[in-house]
Amino acid sequence: MTSTALSPEPPASWRRYFGFSTDAKVIGIQYIVVAFFFFLVGGLLAMIMRGELITPEADLVDRTVYNGLYTMHGTIMLFLFIFPVLNGLNNLLIPTMIGAPDMAFPRLNTAAFWLVPVFGILLIASFFVPSGPATSGWWSYPPVSLQNPLGHLINGEFLWVLAVALSGVSSIMGAVNFVTTILRMRAPGMGFFRMPVFCWTALAAQTLQLIGLPALTGGAVMLLLDLSVGTSFYRPEGGGDPVLYQHFFWFYSHPAVYVIILPVFGIFSELFPVYSRKPLFGYVYVCLASFIIVGLGLIVWVHHMFPSGVTQWMRNLFMVTTMLIAVPTGVKVFAWLGTMWNGKIRLTTPMLFCMGGLFNFVFAGITGIMLATVPIDIHVSNTYFVVGHFHYVIYGAAVMGVFAAIYHWFPKFTGRMPYEGLGKLHFLLTFVGANLNFLPMHPLGLMGMPRRVSSYDPEFAFWNVLASLGAFLLGVSIIPFLLNMISSWARGPRATHNPWNAIGLEWLLPSPPAEDNFGEHVPTVISRPYGYGTGEPLVEHQAEIERALTLQEANR
Amino acid sequence: MTSSTPRGPGPIALAALAVWIGLLALISVWMAGASLRWLPVQASNAAPLVDGLFSFETGVGTFVFLGVISVMAWVMLVHRAEKYDESDAEPIEGNTRLEVIWTAIPFVLVMAIAWYAIQINTELGVLGPMEHIHLRSPQEQQGGYPGDRLPAEQVEVVARQWSWEFRYPGEHVSSTELHLELDRPVTFRLVSEDVLHGFFIPAFRLKQDVIPGRAIDFSLTPTRLGRYRLRDSQFSGTWFAANQADVVVETAEDHAAWLKQAAAAPLQRGLSVAADEYADRQTNPHGGWPTVVPAPPPQVNAPGSSSLPHDA
Amino acid sequence: MSSTPVPPASPSGAYGEGQHANHNLTGFIIFLCSESVIFLAFFSGYALLRLSALDWLPAGVDGLEWRMPLINTVVLVSSSFTMVVAEHFKGKGKIWLFRGFWLLTMAMGAYFLYGQAVEWSGLTFGFTSGTFGGTFYLLTGFHGLHVLTGILLMGLMLVKSFVPGNYAGGEEGVIATSLFWHFVDVIWIILFVLLYVWRA
């Protein structure tokens, strides 16, 4: 173990980002960079789709191409952007926040990461097979997903199932690792109720992965067998049941939304206290709410299937469980408001992204309650209302939260400060773009425009033009972000160990931290996190540690 | 901006707060009313019930949303740190009473909404769209004309890649445009010949997936004259977006006349955008990947039209 | 290791719980819990398909022969006990007795796989024979894959037992393998009930 934190930029350091590193901090950045590569790919597909939808006719691309585009957009954004980017944050933050030198299984971690480019390439390759990529949506509902016009064994759908299965393997490897790390490798003194909320939410989210993903994998195996060897689990003509797949799919894919949003709740819970200079309001309730969401999140999946032919009592039951999720979620939202109340708010870039994310999330929560209500859902399910709702959740809240996290922890892991001006421009474009893109989808859905269409009736044109303009604005919004990241990493001002004056173990490490973080000298945690204004130190000998870090920074 | 002293709000602040909450409530009530205009015309007996629920939730949702946003705006305006103020705020770690209140309020609120929705559900079930699902046995599919095995008043809806066919077994009529009688309950028998489809008429606020291998009974009552769109709502492949049909709600006399005219008409090619576009694609390829070949357009008595202006 | 910039934090600072401890067993148990959900998914899929089927058995098939699978079941379940005995001897340091019973467990697992193969070869239906055939081969095949994995893991542990001093302080690999084997056994009991005992 060679620590090079003191020496200025070791010459070979950038190369480790291109190799099989076992350092969680390197893997974290690898995850995030790869994820943003696929974010650009998925975003490009989205903009072609919005280009098609700017006019009612199917004119820009062929209908099969449109179906391929929306399928790949959804698949890439979920399996190749949002999950990897969150795993990247987990890798960066979990060990440093709990004072562990690395993940519990560093080699497993490396393998889990390197599967991402593998299945990414597999998925992208499906554009180049003769039958084209999968065109049946990221749900891949049979029997339409089992239709294979050319009859080739290697077809888009086949590659899609393979990629999703590999993604599942990678996620399970990651989940085993994260959960073990959090359970077994916390710093001395860090009981569960002294653990940062991000770790609580990561633990909750990864628990959901462990319970949910195998169900999807099982369902996908059966889909693959139906597609490739002629079994008939889902084929009605062989006695199979297409609705069975929907149960498998949503048993995982609804909790998957919580896998995405829970860590973002964690990010909000970390950042609001820092930039309000106040402790997190109701820390214990916020921690516990995550696990209540896990429990409820596992028993709501049928709300995706209200029009699929489920009985009335099931509809009512799953409506009630779905609505109950509003309660722990509400606890969190109110806790953040309570944190900000009477605080000393600093509108830095990360704080702006958090507030924008919270704004969008509350909106998404309200449309979520509408969608849970069976009679309303019957009208708007499978329409643009749903598309609008989940883009508010995923882009409006989750991606905004991810941006907040990147701006907030960028100095810690790169040792450089991001530029505020570019960051605020990025926020403004993202916030306006997201709302312009996704708000018009709600009236469209209410009017009855189905999702996944490549053409539509002319009465929907107005809102579609607005949405398309918003999408192009979102496309532009990524430019200041990329500029900021590249230029500030290359030549941004040097970061101190704690530029935001935040409380947390990770801020007691130099920026960037040594490969083994605290090494042998893990400080003992003596108080709750987020002790802003209390004057209580977080760890034993905190003053000495900080003095040493400051001294070191003065000398470099 | 002195209303937030740590000692608790004074009478002026409380009054201002009350006025503000009143204002939010007014806006919410207005939004609840406005929300009805975002929806298509109400053309079935289910529509007013669904719209009422939607309007109610829009009102409640607006109030909650504006309340949260107000707090965010307030802290941004009032509780901003001064420039160069590096100090921390007063550390308040929580308040159990507040926690209990804001756990209880959402709980009561969503349970109230759920209770309201269950009432509506029950009523909708009584009114019609309580679907009955049977497995389609293979023997049944081999049967002759559907009229031989269906109740006369039932309309059979056959979904295909990519066309809709409507059969009126009592009158020995089939069409690619759905004609319904005003204010008369109708029961559909929804079947699919290939993949999942969605039977969705926005003006009726009703939707039901059509599942291959099952026959689903689905009933409703149209309540407004006019021409509406039926859209496929469950992704069904290449021409999914074009898999639409018109629904005509007409008076009893018009309906009888239409049935009579249709019964007399010879079988002819029904509407199928997919078949037309596929033929065009064969002669005039413009890229794209291989596709499932559309089923031939159904042979029907009354093709109808899908280019006439529709109400919703 | 060159000196890290952080000064000695505390006299007890060298605590570093994660430093040397081995978390493999924790990770493996978490993995097993997750793995069980796949079986749960297959079981529930099987039950749903069976309950909603019009004709569950394909034409010309009237149920599964259960005597041979019952013998198989007895062998597999007993192998869990021989494994416990093997572990008991390892705990007492009687390494050769451990190896003997461990090998016996492996042999019983292999016999189970052989029996499974014999059963498969005698069946009149294939995996394309409706949902009955599909689920039967899926469930037994997926379980058989786990049995095979278990035997391979046991083989690995047996080889490792010849590394001098390897088992001196207890071996997590053996515990993990035995957990896996018990897991495979329990799954089989459920499977046996679902496939052979559950009659129309």
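Chains as they are written, first to last, in our numbering: chain A, 3 to 558; chain B, 396 to 707; chain C, -2 to 197. Idealized CB from N, CA, C, for every residue including glycine.
{"Query": "Alpha carbon of Phe613/B to alpha carbon of Tyr111/C, nearest angstrom", "Result": "52 Å"}
{"Query": "Extent of the continuous beta strand (DSSP E) to which Ala640/B belongs", "Result": "639 to 645"}
{"Query": "Where Pro501/B falls: helix, strand or coil (DSSP)", "Result": "helix"}
{"Query": "Three CB pairs or more closer than 8 Å across the region 260 to 273 of chain A and the region 475 to 482 of chain B", "Result": "no"}
{"Query": "N- and C-terminal bounds of the beta strand (DSSP E) containing Gly621/B", "Result": "621 to 627"}
{"Query": "For Gly358/A and Gly13/C, the rounded distance between their alpha carbons", "Result": "Summary for Gly13/C: the model assigns pLDDT 37, below 50, so the residue's position carries little reliability; its value from the coordinates is reported in the next sentence. One C-alpha to the other measures close to 39 Å."}
{"Query": "N-terminal and C-terminal residue of the beta strand (DSSP E) that Val436/B is part of", "Result": "Note, Val436/B: premise wrong, no beta strand (DSSP E); not H, not E."}
{"Query": "Alpha-carbon spacing of Gly332/A relative to Met316/A, whole angstroms", "Result": "25 Å"}
{"Query": "Near-chain A residues of the region 121 to 138 of chain C - C-beta to any C-beta below 9 Å", "Result": "Phe124, Thr125, Ser126, Gly127, Thr128, Phe129, Gly130, Gly131, Thr132, Tyr134, Leu135"}
{"Query": "Proximity test, Cβ basis, 8 Å: Val581/B and chain A", "Result": "no"}
{"Query": "Proximity below 8 Å, CB of Val181/A to CB of Leu205/A", "Result": "yes"}
{"Query": "Contacting positions in the region 407 to 436 of chain B - beta carbon closer than 7 Å to chain A", "Result": "Trp433, Leu434, Pro435"}
{"Query": "Any C-beta of chain C under 8 Å from that of Ser234/A", "Result": "yes"}
{"Query": "Closer than 7 Å: Gly214/A CB and nearest the ligand SAH heavy atom", "Result": "With respect to the ligand SAH, the structure shown offers nothing to examine, as it has no ligands at all."}
{"Query": "Sequence-distant residues of its chain with Cβ nearer than 8 Å to Leu438/A (five each side left out)", "Result": "Leu468, Ala469, Leu471, Gly472, Leu475"}
{"Query": "Glu518/B burial status per 10 Å Cβ neighbour count (16 or more: buried)", "Result": "exposed"}
{"Query": "Within-8 Å CB hit, Ile568/A to chain B", "Result": "Chain A is shown only over 3 to 558; residue 568/A falls outside these bounds and no answer can be derived."}
{"Query": "Closest residue to Gly193/A among Glu555/A, Pro531/A, Thr385/A (Cα-Cα distance)", "Result": "Pro531/A"}
{"Query": "Glu355/B - DSSP class collapsed to helix/strand/coil", "Result": "Residue coverage of chain B in this structure runs from 396 to 707, which leaves residue 355/B outside it and unanswerable."}
{"Query": "Length-filtered (4 minimum) alpha helix (DSSP H) runs lying within the region 459 to 493 of chain A", "Result": "463 to 493"}
{"Query": "Closest by C-alpha distance to Ile96/A, when choosing among Asp25/A, Thr183/A, Leu210/A", "Result": "Thr183/A"}
{"Query": "For Val322/A and Ile301/A, the rounded distance between their alpha carbons", "Result": "10 Å"}
{"Query": "Close beta carbons around Gly494/A, own chain, < 6 Å, minus the five adjacent residues each side", "Result": "Arg418, Met419"}
{"Query": "Assigned secondary structure, Tyr532/A (DSSP; H/G/I helix, E/B strand, else coil)", "Result": "coil"}
{"Query": "Where the alpha helix (DSSP H) through Ile416/B begins and ends", "Result": "406 to 430"}
{"Query": "Segment contact, 8 Å Cβ cut-off, at least three pairs: the region 14 to 24 of chain A with the region 43 to 54 of chain A", "Result": "no"}
{"Query": "Contacts of Ala38/C in chain A (Cβ-Cβ under 7 Å)", "Result": "Pro216, Ala217, Gly220, Gly221, Phe250"}
{"Query": "Cross-strand partners of Thr582/B (DSSP beta bridge)", "Result": "Gln549/B, Ser614/B"}
{"Query": "Proximal residues of chain C, C-beta to C-beta of Gly193/A below 7 Å", "Result": "Those do not exist, as Gly193/A stays about 13 Å from chain C at its closest Cβ, beyond 7 Å."}
{"Query": "Endpoints, alpha helix (DSSP H) assigned at His393/A", "Result": "386 to 393"}
{"Query": "Selected residue, minimal CA-CA separation from Ala60/A, among Ser465/B, Pro501/B, Pro685/B, Ala669/B", "Result": "Ala669/B"}
{"Query": "Cutoff 8 Å; reference Gly147/C; Cβ partners in own chain excluding five residues on either side", "Result": "Gly106, Thr174, Phe177, Trp178, Val181"}
{"Query": "Member of Leu135/C, Glu169/C, Pro161/C whose CA lies at the smallest distance from the CA of Phe40/C", "Result": "Leu135/C"}
{"Query": "Buried versus exposed, by CB contacts within 10 Å (16 or more), His543/A", "Result": "buried"}
{"Query": "Range covered by the beta strand (DSSP E) that runs through Gln149/A", "Result": "Unbroken run through Gln149/A: none, as it is neither H nor E."}
{"Query": "Whole-angstrom C-beta distance between Leu210/A and Val131/A, which should lie under 8 Å", "Result": "Actually they are not in contact, since the Cβ atoms of Val131/A and Leu210/A sit about 33 Å apart, beyond 8 Å."}
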